[in-house]
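For the sequence shown, position 163 matches number 163 in UniProt numbering, and the numbering has no gaps at all.
As structure tokens, the structure follows; a few thoughts come after it.
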Amino acid sequence: MKTALEGNLVFMVIEYLGILSCGLSGGLAAVRKGYDIIAILLVSWISALGGGVVRDVLLGQVPPSGITDKGSVIVTLASGLVVAVAHPEISRMTWSMLVTDAMALGSFAVNGTAKALMCGTGGMTAIFMGMATALVGGLLRDILLNQVPAVIQDQHWYALPSLIGCLLTLASTRAQQHGLYPARVDMALDLAVVALVVVLRIISVKFDILVPGAVDRRSARLPLNDAQLARAIRHLTRGRSNISVTIKHTDEDTGENPDANSDTKKGR
């Protein structure tokens with residue numbers, strides 16, 4: 001089952017560039033681990049098409065497109081062969097890889113969500129399928145290579161743009177089903193969603209915008225008002241006076257004269 005976008009030339013170019021980028025990044029990770037050519041090709045295929053395979057299996061679309069779509073398989077295997085030879089040059093193409101990877105993120109999210117909706121799933125399931133298409137391939141790659149998955153380690157906007165892409169795809173599809181705009185506009189809107197995902201991802205990396213983490217409550221200090229400050233001062237003062245009184249009582253209870261003790265010690 002193919003979505004309408006899969007018949008669009010522009011979208012196909014974007015998706016193949018994304019598949020190429022994912023295959024190159026997966027193969028490059030395998031090269032850095034010192035693996036052989038078979039492992040490099042396998043990791044490239046998992047990185048590029050693993051998310052789509054998981055999506056199709058969950059949707060009951062078997063055999064999955066990751067093994068039936070000849071174009072995707074050829075591009076993936078070609079990326080593995082290229083990175084096995086040109087890995088020094090590819091590792092220096094940081095921004096080119098970032099842009100094409102963002103294209104993959106957007107196209108996979110949109111295509112995965114649209115395909116799930118075509119299979120009759122609900123909105124929430126479609127969003128999960130879109131996220132799986134966009135993220136699971138890289139997740140499986142990192143798990144196989146015994147690395148912390150990039151979707152967890154990278155604090156820049158990665159999963160967030162794909163989630164936004166899935167939500168917008170769901171909204172546009174529902175709007176089109178209710179006749180709010182003609183079907184021919186749906187393709188243009190999906191391409192705009194892909195472009196938005198790419199822009200969000202690049203802006204996040206370019207300007208170092210991170211997803212916030214947990215609040216460090218140990219270092220958090222809330223400002224005190226006047227009443228709270230006065231209460232804290234009284235508490236501290238009361239504590240100090242109790243300490244001094246305790247020491248004084250201890251000296252009196254012992255009945256010892258410090259001067260006498262010192263004289264006794266001198267006499268000894």
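Beta carbons: idealized from backbone N, C-alpha and C, even for Gly.
Please list the terminal residues of the continuous alpha helix (DSSP H) segment that includes residue i.
i, result
"residue 8", "Segment: none, residue 8 is in no alpha helix (DSSP H) and carries neither H nor E."
"residue 157", "Run containing residue 157: none; DSSP gives neither H nor E here."
"residue 81", "70 to 91"
Measure from the alpha carbon of residue i to the alpha carbon of each residue in the options, then state which is nearest.
i, options, result
"residue 49", "15, 37, 126, 81", "15"
"residue 114", "62, 105, 100, 129", "129"
"residue 47", "179, 59, 18", "18"
"residue 167", "116, 206, 58", "116"
"residue 108", "37, 43, 20, 147", "20"
"residue 73", "22, 175, 206, 179", "22"
"residue 40", "233, 59, 144", "144"
Check whether the Cβ atoms of residue i and residue j lie closer than 8 Å to each other.
i, j, result
"residue 161", "residue 200", "yes"
"residue 53", "residue 64", "yes"
"residue 202", "residue 105", "no"
"residue 193", "residue 110", "yes"
"residue 204", "residue 190", "no"
"residue 86", "residue 112", "no"
"residue 102", "residue 197", "yes"
"residue 163", "residue 118", "no"
"residue 141", "residue 31", "no"
"residue 213", "residue 137", "no"
In the structure shown, what three-state DSSP assignment does residue i receive?
i, result
"residue 178", "coil"
"residue 210", "strand"
"residue 119", "coil"
"residue 196", "helix"
"residue 146", "coil"
"residue 36", "coil"
"residue 245", "Note that residue 245 scores a pLDDT of 41, beneath 50, so its modelled location is shaky and nothing firm can be said."
"residue 54", "helix"
"residue 205", "helix"
"residue 216", "coil"
"residue 228", "helix"
"residue 62", "coil"
"residue 183", "coil"
Any beta carbon of chain D sitting closer than 8 Å to that of residue i?
i, result
"residue 209", "The structure shown has no chain D; it contains just one protein chain."
Sufficient close CB pairs (3 or more, under 8 Å) joining the segment 139 to 156 to the segment 119 to 129: They do not touch, by the three-pair rule.
Validate contact between the segment 20 to 33 and the segment 77 to 87 using beta carbons, cut 8 Å, 3 pairs: Pairwise C-beta distances place the segment 20 to 33 in contact with the segment 77 to 87, as three or more of them are shorter than 8 Å.
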